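Those protein sequence lines, which keep their order, are chains A and B.
Taking our numbering, I'd label the letters of the first sequence as residues 769 to 1087.
Taking our numbering, I'd label the letters of the second sequence as residues 13 to 308.
Glycine is no exception: its CB is placed at the ideal position from the N, C-alpha and C atoms.
All values derive from a computational prediction rather than experimental measurement.
Worksheet for the structure shown next.
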Amino acid sequence: MSAVAPVMEKLYDCRDAYSQTLEAMAAEDTRVCAVVNDSVSSTKLKTFQGKFPDRFVNVGIAEQNMVGVGAGLANGGMVPYVCGASCFLTARSMEQVKVDLGYSKWNVKLCGMSSGMAYGELGPTHHSIEDVAWTRVIPNLTVIVPTDPVETASVMRYSLRHEGPMFLRISRMPVPQVHADDYAFELGRAPVLREGEDVTIMANGVMVSRALEAAAKLDEQGVKARVLNMSSIKPIDKEAILDAARTTRGIVTAEEGLMAGGLGGAVAEILALHHPAPMRMLGLPDVFAPTGSAEFLLEHFGLTAAGIVVASLQLMEAR
Amino acid sequence: MEIGQSESEFAGVATGVVAELKRKANQIRLSAMTMTNHSGLGHTGGDLSSADILATLYLGGVLRVDPAHPKWPQRDRFIMSKGHCSGAFYSTLAARGYFPSEMLKTFMDPLSMLNGHPDRNKLPGVEANTGPLGHGFPIAVGCALAARMRGESWRAFVLTGDGELQEGSNWEAAMSAQHYGLDNLVVIVDRNRIQQGDFTENTIRMDPLAAKFAAFGFAVEEIDGHDTAALLARLSTLPIEAGKSTCLIANTTKGKGVSFAENKPAWHHGVPTKEQLVMAAEELGLNGVDDIEVCL
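Set out below in structure tokens:
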């Protein structure tokens, strides 16, 4: 276990860890460059642009070109970080992501910013609830949903060592630090943030701290919940899922996005094929979210500690 | 260069070199048609329209590449954005020595390295996986930017179809090429005026194409895409203008060199019969069935 207790008073915007780590990597490695679609400030790359103007490409509001340019930069020996609001980066350029990155295996890192329902008030056009499902089904594309600033920085460092295309889903919603300072991300490994043998809660991104809160509440009721950080969506930690199915009484998944094709879908695929087990999924059903703050929308869909507690207890009662 | 100028007017290009390139281009044509006959699928019209351009680039010494070291970091990058014309592209790569011509016989066979559309992870010499249109131009822009970031002198070439330019991604790429002043980028348009369903101008008007590229900040020239001497002369002295990306609108004839296929939309993906291969070989000045064997 590598968790530290969430300090709820202090919250972080993971974009800071991402941009600061990218700057540090660019200082150390001249192959590192950034490509953006106008959104220099929302990708927090103003400092990068100032420090490395020759390795900063703004293609304007043109996501298809942005991803293609990334593939070309990789062809030329660079390691491009292609950054933009996740809703546009993924949807607008999906064929480029499929062909130029997944199929071609170019070493391009897609950084989908402000994912999920972070742009709550702006409405479903700007929500990115589909991005995990879309990217997860593309062969060769690695998909990571980091949960806190420590993991975001570690994932960024890992991405530079990883040869091949990646999609990194980086939220702007304030989150507490849940990993210890010396935590190191491992691809395809789901870190155990809390041990437990009654029920397993699998969460990623902004839902991990809520899962830990839920586990603490369940503990007060005598229910021991295991909490796993499922940041590595693809590849996914099959062994951790099967172990949870074998050694606890069921699995609750919690994600800030569509359940279909997302974390819930990914876990269900493993269970259905290898070890069917009781399951509850928390996330968005087959609907677009209404408009409201991100916090409001999480509450609306039961993506809260309380919602996870209810789902966990229902699952145990159903047994 | 004016269209219709005779090849002898281009000083410095030896007549023998041009004649040999023309012959090689015709071999590429016949090879591509033979491959399409073999697979029962292919894009004959565009294979034939692009053959002279491909031959000039790869066999005329324009591209600085080394088939023995296909990943040589300093190589020029050529992106075959019209990936559906893989018959001509593969035949050219084989002729340049990237892989044995014998492999062309496996075109589109199960598990062949020669997909219907090029796969860089399978076949040496392929720089990008293309097929869906409008992908190659942005990739070439990225290549040109990489060369600049690395302070290297290699160049990025991309061959697009003309119908392909209906995809908006090309114009996104054109804007970025202009903005970054990428004079190490060369866009060649195979302007054969026919797309899958009809003539381009009946489908969606493309003209004035040169003016469009000029308005996007390119140094543009129209050129006869079958005038080997003119192609060789132009492609050997790039860029057209320092600080600007080059656009060559190569006016071509779809199905060029084979009378029954020339300028006929149906031959966009027409498949030749054995008898038509023999007719094509004759018209291309090749030695009938023997040259078909030579090409494959």
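Nearest to Thr215(B) by alpha-carbon distance, out of Glu114(B), Ile206(B), Thr104(B), Leu221(B), is Ile206(B).
Annotation: the continuous alpha helix (DSSP H) that includes Val1035(A) extends over 1031-1042.
Contact check for Leu841(A) and Leu126(B): beta-carbon distance about 28 Å, past the 8 Å limit, so the pair fails to qualify. Annotation: Cβ neighbours of Asp868(A) in chain B (cutoff 7 Å, chain order): His147, Ile151. One finds Asp131, Asn133, Asn141 in chain B with Cβ atoms closer than 9 Å to the Cβ of Tyr871(A), taken in chain order. Bounds of the beta strand (DSSP E) holding Lys877(A) are 877-881.
Given a length threshold of 4 residues, each whole run of the alpha helix (DSSP H) inside the stretch 157-208 of chain B is given here in chain order: 180-191. Scanning chain B for C-beta atoms nearer than 7 Å to the C-beta of Glu863(A) yields Pro144, reported in chain order.
Proximity of Ala254(B) to chain A, defined by a Cβ-Cβ separation below 8 Å, is not satisfied. With 16 or more neighbouring CB atoms inside 10 Å of its own CB, Gln39(B) falls in the buried class. Across the structure, Leu296(B) and Trp166(B) are spaced so that their CA atoms are roughly 35 Å apart. Apart from the 5 residues on each side of it in sequence, Ser927(A) sits with its Cβ closer than 7 Å to the Cβ of Lys877, Met934, Leu936 in its chain, given in chain order. For Phe101(B), the enclosing alpha helix (DSSP H) has its first and last residue at 98-108.
Taken in chain order, the members of the stretch 831-851 of chain A whose beta-carbon sits within less than 7 Å of a beta-carbon on chain B are Gln832, Asn833, Gly836, Val837, Gly838, Ala839, Gly840, Leu841, Asn843, Gly844, Gly845, Met846.
Annotated as proximal: Ala1086(A) and Pro1046(A), with beta-carbon spacing under 8 Å.
Cβ neighbours of Val77(B) within its own chain (closer than 8 Å, five residues either side excluded): Tyr70, Trp84, Arg87, Asp88, Phe90, Arg108, Gly137.
One thing to note: Ser807(A) has its Cβ within 8 Å of the Cβ of Ala853(A). Boundaries of the alpha helix (DSSP H) around Thr240(B): 240-247. With contacts defined by Cβ atoms closer than 8 Å, Leu996(A) and Ala982(A) do not form a contacting pair. With contacts defined by Cβ atoms closer than 8 Å, Gly964(A) and Pro907(A) do not form a contacting pair. For Arg89(B), the C-beta contacts it makes with chain A under 9 Å involve Gly840, Asn843, Gly844, in order along the chain. For the C-beta of Cys801(A), the chain B residues within less than 7 Å are, from N- to C-terminus, Met161.
What Ser188(B) touches in chain A, judged by beta-carbon distance under 8 Å, is Val825, Val827, Gly828, Ala830, Asn833, Val837, going in chain order. Between the stretch 1067-1074 of chain A and the stretch 969-981 of chain A there are three or more C-beta pairs closer than 8 Å, enough to call the two in contact.
At a C-beta separation below 7 Å, Asp949(A) has no neighbours in chain B, since its nearest C-beta there lies roughly 34 Å away. Distance between Gln945(A) and Met924(A), taken at the CA atoms: about 16 Å. Within the stretch 195-214 of chain B, no residue has its Cβ closer than 7 Å to any Cβ of chain A.
In the assembly as shown, Pro821(A) is an exposed residue. Its beta-carbon has fewer than 16 other beta-carbons within 10 Å. Annotation: Cβ neighbours of Asp822(A) in chain B (cutoff 7 Å, chain order): Met161. Annotated three-state conformation of Thr285(B) is coil, per DSSP. Around the beta-carbon of Asn299(B), fewer than 16 other beta-carbon atoms lie within 10 Å, marking it exposed.
Any Cβ of chain A closer than 8 Å to the Cβ of Ser165(B) would place that residue at the interface, and such an atom is absent. Taking the C-beta atoms as reference points, Val283(B) is found nearer than 8 Å to Asn49(B). DSSP assignment within the stretch 939-1023 of chain A yields the following whole alpha helix (DSSP H) runs of 4 residues or more, N-terminal first: 975-988, 1006-1015.
In this structure, the beta-carbon distance from Asp966(A) to Thr1016(A) falls below 8 Å. If you draw a straight line from the Cα of Arg904(A) to the Cα of Glu176(B), it is about 29 Å long.
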